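A.B. asks: I'd like to ask you about the structure that follows.
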Ligand code: SAM
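Numbering (our numbering), first residue to last: 20 to 291.
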């Protein structure tokens, strides 16, 4: 059994380290802060002028993106309907979620989130939360027809979790994103930006938080701090920015990683 354990980050909130990914779920500079500053605020979801807001959260983890979203929404006394879908394949975080407290008003919301982690579906004053427990590549196919105003793209890092960073996966997300909707992510890696570009997105710079580099924002329309033509050309023309491929949306992690390296090697050999 691979180990999992909680660590305290610099903003005082806990993150979970998973041996399976050799990685913690959040930046050590502040777990909750990362949710707020990398996803909720840059997504613009709280300013979105729709009567019903739909949000897709990829990688429920400890539920901090969901918590920060609901907390900010309630702080604004927003009374609109908010539908949150969160995708997670691991059902074994309960003991960690149950041991986390914030010692403020977030605890009530977190209790609701923790109950929903058990039941899969819950409602808090008109806020609907559904957690779909499966491989996100399968779950997104059950969401066709729903248009999301924000998508929080928050898996583990690309080299550890490549199945949720391929061009084919981003093509699926594009089908789910509302016009003017925004995808937020902490990654600024060129091969991830290229996957998003190849999926048809406009790419903008996301905020940088703590010691981490800037993130990336993606939209089907123009976006703030958009990369210019030369920057995009440089990404596309760089062999090292070869994106992950997963045409059947079912390949194993190792296969996705190996195929990418093989493709880079073949291109280099053809150039020689
Ligand atoms: N957003 C989370 C939070 O606010 O606490 C942190 C997410 S953590 C970095 C990434 C999550 O993605 C983990 O919980 C992991 O189990 C989940 N995950 C990884 N691969 C997945 C997949 N193929 N399908 C669904 N969930 C996946």
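In this text, a Cβ means the ideal position worked out from N, Cα and C, and glycines have one as well. Just so we're clear, the structure is a prediction, and the values are computed from it rather than from any experiment.
#1: What is the DSSP secondary structure of residue 167, counted as helix, strand or coil?
#2: Would you mind sorting residue 118 into buried or exposed? The rule is 16 or more other CB atoms within 10 Å of its CB.
#3: With respect to the alpha helix (DSSP H) encompassing residue 294, which residues constitute its N-terminal and C-terminal limits?
#4: Per DSSP, what kind of secondary structure is residue 203 in: helix, strand or coil?
#5: Run through the DSSP bridge pairs and tell me what residue 74 is partnered with.
#6: Take residue 125 as the anchor and find which of 203, 87, 248 has the nearest alpha-carbon.
#7: Identify the continuous alpha helix (DSSP H) that holds residue 86 and give its terminal residues.
#8: Please classify residue 281 as buried or exposed, where buried requires at least 16 other C-beta atoms within 10 Å of its C-beta.
#9: What would DSSP say about residue 130, mapped onto helix, strand or coil?
#10: Just to check my reading of the structure: residue 201 and residue 78 have Cβ atoms closer than 8 Å, yes? What is that Cβ distance to the nearest angstrom?
#11: Just to confirm my understanding: we take residue 134, look at its own chain, exclude 5 residues before and 5 after, and list those with CB closer than 8 Å. What are they?
#12: Consider the C-beta atom of residue 228 and the heavy atoms of the ligand SAM; say whether any pair is separated by less than 8 Å.
#13: Below 8 Å on the Cβ atoms is my guess for residue 186 versus residue 264; work out the distance and round it to an integer in Å.
C.D. replies: A quick look at the data gives this:
#1: strand
#2: exposed
#3: Summary: the structure shown does not reach residue 294, with the chain confined to residues 20 through 291, and so no result is reported for it.
#4: strand
#5: 103, 169
#6: 87
#7: 83-94
#8: exposed
#9: helix
#10: Contact doesn't hold; Cβ gap of about 17 Å is too wide.
#11: 141
#12: no
#13: 6 Å
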